[in-house]
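Visitor: To start, I am sharing the structure in question, which I have written as structure tokens.
There are 4 protein chains.
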Amino acid sequence: MKTTIGFIGLGNLGTPIAKNLIAAGYHLQVYNRTLSKIDELDQTSITKCGSPAEAAKSVNFIITVLANDAVLRQTVVGDEGILKTLPLNAIHISMSTIAPDTAEELADLHKQAGNSYLASPVFGRPDAAAAKMLWTCISGEAEVKEAAKPILECTSREVIDFGEKVGSANVVKISGNFMIQASMEMMAEAYTMAEKFGVDRGIVAEFFGNTLFNAPIFKSYGKAIAEKKYEPVGFTTELGYKDASLVLKLSQQSKTPMPFANIIHNRLLVTIAKGRTGADWAEAFGKGVTDDAGV
Amino acid sequence: MKTTIGFIGLGNLGTPIAKNLIAAGYHLQVYNRTLSKIDELDQTSITKCGSPAEAAKSVNFIITVLANDAVLRQTVVGDEGILKTLPLNAIHISMSTIAPDTAEELADLHKQAGNSYLASPVFGRPDAAAAKMLWTCISGEAEVKEAAKPILECTSREVIDFGEKVGSANVVKISGNFMIQASMEMMAEAYTMAEKFGVDRGIVAEFFGNTLFNAPIFKSYGKAIAEKKYEPVGFTTELGYKDASLVLKLSQQSKTPMPFANIIHNRLLVTIAKGRTGADWAEAFGKGVTDDAGV
Amino acid sequence: MKTTIGFIGLGNLGTPIAKNLIAAGYHLQVYNRTLSKIDELDQTSITKCGSPAEAAKSVNFIITVLANDAVLRQTVVGDEGILKTLPLNAIHISMSTIAPDTAEELADLHKQAGNSYLASPVFGRPDAAAAKMLWTCISGEAEVKEAAKPILECTSREVIDFGEKVGSANVVKISGNFMIQASMEMMAEAYTMAEKFGVDRGIVAEFFGNTLFNAPIFKSYGKAIAEKKYEPVGFTTELGYKDASLVLKLSQQSKTPMPFANIIHNRLLVTIAKGRTGADWAEAFGKGVTDDAGV
Amino acid sequence: MKTTIGFIGLGNLGTPIAKNLIAAGYHLQVYNRTLSKIDELDQTSITKCGSPAEAAKSVNFIITVLANDAVLRQTVVGDEGILKTLPLNAIHISMSTIAPDTAEELADLHKQAGNSYLASPVFGRPDAAAAKMLWTCISGEAEVKEAAKPILECTSREVIDFGEKVGSANVVKISGNFMIQASMEMMAEAYTMAEKFGVDRGIVAEFFGNTLFNAPIFKSYGKAIAEKKYEPVGFTTELGYKDASLVLKLSQQSKTPMPFANIIHNRLLVTIAKGRTGADWAEAFGKGVTDDAGV
Numbered sequence: 001m002k003t004t005i006g007f008i009g010l011g012n013l014g015t016p017i018a019k020n021l022i023a024a025g026y027h028l029q030v031y032n033r034t035l036s037k038i039d040e041l042d043q044t045s046i047t048k049c050g051s052p053a054e055a056a057k058s059v060n061f062i063i064t065v066l067a068n069d070a071v072l073r074q075t076v077v078g079d080e081g082i083l084k085t086l087p088l089n090a091i092h093i094s095m096s097t098i099a100p101d102t103a104e105e106l107a108d109l110h111k112q113a114g115n116s117y118l119a120s121p122v123f124g125r126p127d128a129a130a131a132k133m134l135w136t137c138i139s140g141e142a143e144v145k146e147a148a149k150p151i152l153e154c155t156s157r158e159v160i161d162f163g164e165k166v167g168s169a170n171v172v173k174i175s176g177n178f179m180i181q182a183s184m185e186m187m188a189e190a191y192t193m194a195e196k197f198g199v200d201r202g203i204v205a206e207f208f209g210n211t212l213f214n215a216p217i218f219k220s221y222g223k224a225i226a227e228k229k230y231e232p233v234g235f236t237t238e239l240g241y242k243d244a245s246l247v248l249k250l251s252q253q254s255k256t257p258m259p260f261a262n263i264i265h266n267r268l269l270v271t272i273a274k275g276r277t278g279a280d281w282a283e284a285f286g287k288g289v290t291d292d293a294g295v
Numbered sequence: 001m002k003t004t005i006g007f008i009g010l011g012n013l014g015t016p017i018a019k020n021l022i023a024a025g026y027h028l029q030v031y032n033r034t035l036s037k038i039d040e041l042d043q044t045s046i047t048k049c050g051s052p053a054e055a056a057k058s059v060n061f062i063i064t065v066l067a068n069d070a071v072l073r074q075t076v077v078g079d080e081g082i083l084k085t086l087p088l089n090a091i092h093i094s095m096s097t098i099a100p101d102t103a104e105e106l107a108d109l110h111k112q113a114g115n116s117y118l119a120s121p122v123f124g125r126p127d128a129a130a131a132k133m134l135w136t137c138i139s140g141e142a143e144v145k146e147a148a149k150p151i152l153e154c155t156s157r158e159v160i161d162f163g164e165k166v167g168s169a170n171v172v173k174i175s176g177n178f179m180i181q182a183s184m185e186m187m188a189e190a191y192t193m194a195e196k197f198g199v200d201r202g203i204v205a206e207f208f209g210n211t212l213f214n215a216p217i218f219k220s221y222g223k224a225i226a227e228k229k230y231e232p233v234g235f236t237t238e239l240g241y242k243d244a245s246l247v248l249k250l251s252q253q254s255k256t257p258m259p260f261a262n263i264i265h266n267r268l269l270v271t272i273a274k275g276r277t278g279a280d281w282a283e284a285f286g287k288g289v290t291d292d293a294g295v
Numbered sequence: 001m002k003t004t005i006g007f008i009g010l011g012n013l014g015t016p017i018a019k020n021l022i023a024a025g026y027h028l029q030v031y032n033r034t035l036s037k038i039d040e041l042d043q044t045s046i047t048k049c050g051s052p053a054e055a056a057k058s059v060n061f062i063i064t065v066l067a068n069d070a071v072l073r074q075t076v077v078g079d080e081g082i083l084k085t086l087p088l089n090a091i092h093i094s095m096s097t098i099a100p101d102t103a104e105e106l107a108d109l110h111k112q113a114g115n116s117y118l119a120s121p122v123f124g125r126p127d128a129a130a131a132k133m134l135w136t137c138i139s140g141e142a143e144v145k146e147a148a149k150p151i152l153e154c155t156s157r158e159v160i161d162f163g164e165k166v167g168s169a170n171v172v173k174i175s176g177n178f179m180i181q182a183s184m185e186m187m188a189e190a191y192t193m194a195e196k197f198g199v200d201r202g203i204v205a206e207f208f209g210n211t212l213f214n215a216p217i218f219k220s221y222g223k224a225i226a227e228k229k230y231e232p233v234g235f236t237t238e239l240g241y242k243d244a245s246l247v248l249k250l251s252q253q254s255k256t257p258m259p260f261a262n263i264i265h266n267r268l269l270v271t272i273a274k275g276r277t278g279a280d281w282a283e284a285f286g287k288g289v290t291d292d293a294g295v
Numbered sequence: 001m002k003t004t005i006g007f008i009g010l011g012n013l014g015t016p017i018a019k020n021l022i023a024a025g026y027h028l029q030v031y032n033r034t035l036s037k038i039d040e041l042d043q044t045s046i047t048k049c050g051s052p053a054e055a056a057k058s059v060n061f062i063i064t065v066l067a068n069d070a071v072l073r074q075t076v077v078g079d080e081g082i083l084k085t086l087p088l089n090a091i092h093i094s095m096s097t098i099a100p101d102t103a104e105e106l107a108d109l110h111k112q113a114g115n116s117y118l119a120s121p122v123f124g125r126p127d128a129a130a131a132k133m134l135w136t137c138i139s140g141e142a143e144v145k146e147a148a149k150p151i152l153e154c155t156s157r158e159v160i161d162f163g164e165k166v167g168s169a170n171v172v173k174i175s176g177n178f179m180i181q182a183s184m185e186m187m188a189e190a191y192t193m194a195e196k197f198g199v200d201r202g203i204v205a206e207f208f209g210n211t212l213f214n215a216p217i218f219k220s221y222g223k224a225i226a227e228k229k230y231e232p233v234g235f236t237t238e239l240g241y242k243d244a245s246l247v248l249k250l251s252q253q254s255k256t257p258m259p260f261a262n263i264i265h266n267r268l269l270v271t272i273a274k275g276r277t278g279a280d281w282a283e284a285f286g287k288g289v290t291d292d293a294g295v
């Protein structure tokens, strides 16, 4: 007999994660704001729910993969939020990229309700999720992490533990997105400068991606930026901007001046201010720099 | 019978390169401003020279590994410069990190003298040079590159060709150093912010170095920055600042606004202005950020 | 018979404003968190109150001069807030430097309560307030502005109308503080660079303050920055940082990239991160730049 | 009988200065690259010259008002440069905005030739020059300054002495242009942000120009930026960029990190990279910010 898990959030990342869990033999109680997205899943393995509260009913685990702090908070504490129904001792596995203080606030609310919150944001694009190749960062109480691990492993290449403090995994996740964005900006600047000296952007990007910078970030985004090919859209500028705003918030909260974070924030803001919403975040950096350089 | 090559510049990088050439069977006519450095080499394989001109006499190839544009220019065109003696059709293999316009100026002078200049800056720290693991970027005339390759391969992991335009390899080299410096700044910002949230810098650095950023730059400098361990010094802040100034110059020449390059330049300038010359460039970034953040 | 006005907030600015109103013949119902500050006022012209609600009882006008958005919001909507008692048709004259959306939120709440909110932030340091030389920026409904003007004129050099939209005066106030901070940063950079070339900072500051930049900001702060004399403290780094954070917030809300605002924000954040709270904001800029320049 | 002065450089600023000198009773030996410009002057008061050397022949004073360091250097040391003919003990009054080390280099050359160099850059736009309202900054030897003063006073509102060190007046001039550019950037950011909140740019600019920032810079450029009216062109973006590059050079030479200078430099560089040469420098700032903000 299959174990049932609650699941909320069928976005670009949530959908392949849900499929992985189904493939691993779980039955899902699924809620998604846009109902049609639920039709993509194997219907024999899911139960459609009309609210977060319904998805959280009678389960030991509920997973959320949502867009931002506000949506997640509403999903937890709203009138039909999961706190209304989540059983005692159940665990909320929260995969969204949110601020650490939101994580801590929600963890407190879960504690008061007699259940638990696990910060478990993930690194990886949708295709990595589909291939069960996400890196999942977790932080929270030891026994909660222990209990959630088998579920997380169904969709992760590796589960990395960042300790007991509940917001820590979120700090790591936001740091990582900052580093990805900084990598795109640096490549955009370097490759555009090279281009203006008559050096082929593509050859430069390939060289660095195969040598000093032979890491996934520099290979995939490096190619996009070098070739100025920003489609298909993998991750939108707006989501990137949300992350950049979170970095600024963390810079302020922690009193850490982060000049690169300011450049990144403004680069994305220019793209949004110009109305190019929906563009891939790599375009915000790549085209932002080439526009400024007049090429 | 051994082939003789001229060799000028026994710095941190020049010395292991010279040793590799000796190991490969070449005899070297060596000039170095500081004579004592020459004693480190196998004396049976070298001839000590009293000037660049002497080192360039009767050879088909002369290699220079020098600190900056001014020193290289003086070595080529000075009263005892290599142009005074370098034979017709000989090749000057120039490994220094210099501006592309300096490379083009020197290439013209060599052409007028009836011989050739090959831009061949290298990526790698001294230990990589000792292990014959440098990445050597070359640009110049096809037959010159062809002729120089066997020599370059004695000391390189790979020789990458960036075309006929003589300054191109220099543009790539400067771009790369910019990207390395940007990587250090981004790690310093991210790891310091994480630290101030109570997350262990070392664990964060290890995580990124093993996953999204599993490239040499992020592993080696990531560890130094995470652990705030900036010794032994591998590459000084002053040399890093020279590179950062070259990036700004290229940004201006090519009309490419490069905001990250400005942050980097100022980070190094603060360290120099405070009199901390001689420190490793990773310290300029790492300690620069932690100082600003009060930790 | 004297008219009675409610008055909340006896800080550096609130105290001289209260004194001006007393001098103009008003009787004040005063509330201040720190009671001892009330003793500075002429006791025959005031009534001490134990809460904002008490200060707002039976008056046609209540003035607030508070530190930030959170304190003001609490003063309005708290359990003992002014909304509990402020009569119908009364006007809340709000002089604090706060975000425009806070102003709009409070204006809505007042409207629902049957009374009115007038944004009226002021420019000027405490000595300007004492000399009735403040510039008061107002925005709100026409009849509310009309009604409040005689009171505002008791303490202002000029009352400037920025229209009906309630947050506009706050936008202007925050813009002005941004421009003051930018002026300090620019002077700190210029005068330090001049100093390092052996040019006397004081003479340079005096020259600019008497010629191209002969405006109050450049004279007063220019002298402080040139002489590196940052005492007595007129406006703390923390208050400056609050303003810088408001600017960033407005930059984000309005989708206006403001690179100068980022530099300013980080300059103040460095000072705070290093624990130099309580310093004058001119020191954050002046000493921030000289520290970075090693002088 | 009229005293004769050499005069080189009839640009936007040189022409009104020449006219002032003629009005004051001097006879000018004029050289200008573009001959037609000489026709604008009263022909009875001038002698047309075919080279700098000719203009410098037999005079006690020669004035140069040129575009940049390279042109000035060529004018002094070129084959037909003024050093070829300038009499012993004559004085070269150099009004161009150039780097202090260029000034010092030229001062040395003049000294070797037995005559003198006086740094005397000026502040003021062409209309100020026409009205004899320039601020002239001087530095050099006391007796040289003394001798030149009567001539400078014919075209200045005030002559300000910055000491004996020959480059000091140039440092002050470059600092001032930096502060003017920073003022334009800050206004552009503030007024655009205000606009996006629905506040009238013009009213905001007028308010600040009449109150806290009631200095010429904020009134004139403030109006242009507020009204987005960048014509007629008073000072081109390219000249502004030359100044911004000089500031960066001075920042490097003096080891003074100047983050505002970087922002300014890039703002102008974007405009130039996009091919909008010939635009007023106020447009580079004003339109640069509104473009980025999408308005």
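Protein chains in written order, with the UniProt record's numbering: chain R, 1 to 295; chain E, 1 to 295; chain L, 1 to 295; chain S, 1 to 295.
No residue lacks a Cβ here, since even glycine has one placed at the ideal position from N, Cα and C.
So, at 7 Å on beta carbons, what are the nonlocal neighbours of residue 20 of chain L in its own chain, with the 5 sequence-adjacent residues on each side left out?
Guide: For the purposes of this step, residue 20 of chain L is taken as the residue at position 20 of the third sequence. Excluding positions up to five away in sequence, the list reads 132, 154 and 155.
Visitor: Any contact between the region 270-279 of chain E and the region 266-283 of chain R? By contact I mean 3 or more CB pairs, one from each, below 8 Å.
Guide: Segments in contact, no.
Visitor: When you compare only the Cα positions, how much space is there between residue 125 of chain E and residue 14 of chain E?
Guide: In the second sequence, the residue the question calls residue 125 of chain E occupies position 125. In the second sequence, the residue the question calls residue 14 of chain E occupies position 14. Cα to Cα, residue 125 of chain E sits roughly 11 Å from residue 14 of chain E.
Visitor: Can we say the region 189-196 of chain E touches the region 252-270 of chain R, given the rule of at least three CB pairs closer than 8 Å?
Guide: Contact holds: three or more Cβ-Cβ distances are below 8 Å.
Visitor: For the pair the region 32-48 of chain E and the region 84-97 of chain E, tell me if three or more CB-CB distances fall below 8 Å.
Guide: Too few Cβ pairs lie closer than 8 Å, so no.
Visitor: Please state the DSSP three-state secondary structure of residue 144 of chain E.
Guide: As a working mapping, residue 144 of chain E is identified with position 144 in the second sequence. Reduced to three states, the DSSP call for residue 144 of chain E is helix.
Visitor: With DSSP collapsed to three states, give me the class of residue 241 of chain E.
Guide: Start at 1 with the first residue of the second sequence, and residue 241 of chain E comes out as number 241. Note: residue 241 of chain E maps to helix in three-state DSSP.
Visitor: Short of 7 Å Cβ to Cβ, which residues in the region 99-120 of chain E face chain S?
Guide: Correct list: empty, as no residue qualifies.
Visitor: With a floor of 3 residues, list each beta strand (DSSP E) that falls wholly inside the region 51-133 of chain L, ordered by position along the chain.
Guide: 61-64, 91-94 and 116-119, all fully within the region 51-133 of chain L.
Visitor: In terms of residues, what are the limits of the beta strand (DSSP E) holding residue 31 of chain R?
Guide: As a position in the first sequence, residue 31 of chain R is number 31, starting the count at 1. First-last of the beta strand (DSSP E) with residue 31 of chain R: 27-31.
Visitor: Measuring only the C-alpha atoms, how far is residue 107 of chain L from residue 54 of chain L?
Guide: For this step, residue 107 of chain L is matched to residue 107 along the third sequence. For this step, residue 54 of chain L is matched to residue 54 along the third sequence. Their Cα atoms are separated by approximately 20 Å.
Visitor: Is it the case that the Cβ atoms of residue 282 of chain E and residue 241 of chain E are separated by a distance below 7 Å?
Guide: If you number the second sequence from 1, residue 282 of chain E lands on position 282. If you number the second sequence from 1, residue 241 of chain E lands on position 241. No.
Visitor: Determine the chain S residues that contact residue 178 of chain L at a beta-carbon separation under 9 Å, and present them in chain order.
Guide: In the third sequence, the residue the question calls residue 178 of chain L occupies position 178. Per Cβ cutoff of 9 Å: 186, 189, 190 and 193.
Visitor: What residues of chain S sit near residue 216 of chain E, judged by a beta carbon separation below 8 Å?
Guide: For the purposes of this step, residue 216 of chain E is taken as residue 216 along the second sequence, with counting starting at 1. Neighbours of residue 216 of chain E on chain S: none; closest Cβ ~29 Å, over 8 Å.
Visitor: Are the C-beta atoms of residue 69 of chain L and some chain S residue less than 7 Å apart?
Guide: Mapped onto the third sequence, residue 69 of chain L falls at position 69. Not one chain S Cβ lies under 7 Å of residue 69 of chain L.
Visitor: Once the 5 residues before and after residue 59 of chain R are set aside, which same chain residues still bring their CB inside 8 Å of it?
Guide: On the first sequence, position 59 is the one that residue 59 of chain R refers to. Correct list, in chain order: 4, 5, 6, 29, 86, 87 and 90.
Visitor: Which residues of chain E have a Cβ atom closer than 9 Å to the Cβ of residue 274 of chain L, listed in chain order?
Guide: On the third sequence, position 274 is the one that residue 274 of chain L refers to. Within chain E, the residues near residue 274 of chain L are 291, 292, 293 and 294.
Visitor: Using the Cβ count rule (16 or more neighbours within 10 Å means buried), how would you classify residue 50 of chain E?
Guide: For the purposes of this step, residue 50 of chain E is taken as residue 50 along the second sequence, with counting starting at 1. With fewer than 16 Cβ atoms within 10 Å of its Cβ, residue 50 of chain E is classed as exposed.
Visitor: Spell out whether any CB of chain E is found under 7 Å from the CB atom of residue 48 of chain R.
Guide: Here residue 48 of chain R refers to the residue found at position 48 when the first sequence is read from its first residue. Answer no: the Cβ-Cβ gap between residue 48 of chain R and chain E never drops below 7 Å.
Visitor: Going straight from the alpha carbon of residue 120 of chain L to that of residue 233 of chain E, what length do you get?
Guide: Here residue 120 of chain L is taken as the residue at index 120 of the third sequence, counted from 1. Here residue 233 of chain E is taken as the residue at index 233 of the second sequence, counted from 1. In a straight line, the C-alpha of residue 120 of chain L is about 58 Å away from that of residue 233 of chain E.
Visitor: Alpha helix (DSSP H) containing residue 285 of chain R: first to last residue?
Guide: Numbered from its first residue, the first sequence carries residue 285 of chain R at position 285. 281-292 is the extent of the alpha helix (DSSP H) around residue 285 of chain R.
Visitor: With 8 Å as the C-beta to C-beta threshold (strictly closer), list the residues of the region 203-233 of chain R near chain E in chain order.
Guide: Residues passing the 8 Å Cβ filter: 203, 204, 207, 208, 211, 212, 213, 214, 215, 216, 217 and 218.
Visitor: Would you identify the three-state DSSP class for residue 192 of chain L, choosing helix, strand or coil?
Guide: Translated into positions along the third sequence, residue 192 of chain L becomes position 192. The answer is helix: DSSP assigns residue 192 of chain L an H, G or I state.
Visitor: Is it right to say residue 42 of chain L is buried, meaning 16 or more other beta carbons lie within 10 angstroms of its own, or is it exposed?
Guide: As a first step, residue 42 of chain L must be located in the third sequence, where it is residue number 42. Its Cβ having fewer than 16 others within 10 Å, residue 42 of chain L is exposed.
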